[in-house]
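See below for the structure under consideration.
Numbering (this note's numbering), first residue to last: 735 to 851.
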């Protein structure tokens, strides 16, 4: 079992950058798929980016070219580098860990990202 904890959110101006981190306690972080999701007020939670245990990454169209997902299995940590931030990126960002062949899903508590001048 793993428990992810997000950090790195905050207030940033449009065009700015932030790097979110998802640190996981527990074992075998490397075998989990890591997903970054976000939820804006009044909207459904949506997938922003995901990275498989093998390192393959996928992105929502809205963030392609601006966000980069990565992971450091030695540190049990995943990252979301967010550049050229827009006001519409404002949301609570969540980390999700899942494992192939298992129904288990582990959510973090979320970190607030606010893009505003």
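Even for Gly, the Cβ is constructed at its ideal location relative to N, Cα and C.
- DSSP places residue 814 inside the beta strand (DSSP E), whose first and last residues are 811-816.
- For the pair residue 826 and residue 799, the CB atoms are not nearer than the 7 Å cut-off.
- Nearest to residue 759 by alpha-carbon distance, out of 745, 742, 807, 780, is 807.
- Using a 10 angstroms sphere on the CB of residue 738, the tally of other CB atoms reaches 16 or more, which defines it as buried.
- Take the alpha-carbon of residue 784 and the one of residue 746: they are about 23 Å apart.
- Beta-bridge analysis with DSSP links residue 801 to 816.
- Taking all protein chains shown into account, residue 795 has fewer than 16 neighbouring C-beta atoms within 10 Å of its C-beta and is therefore exposed.
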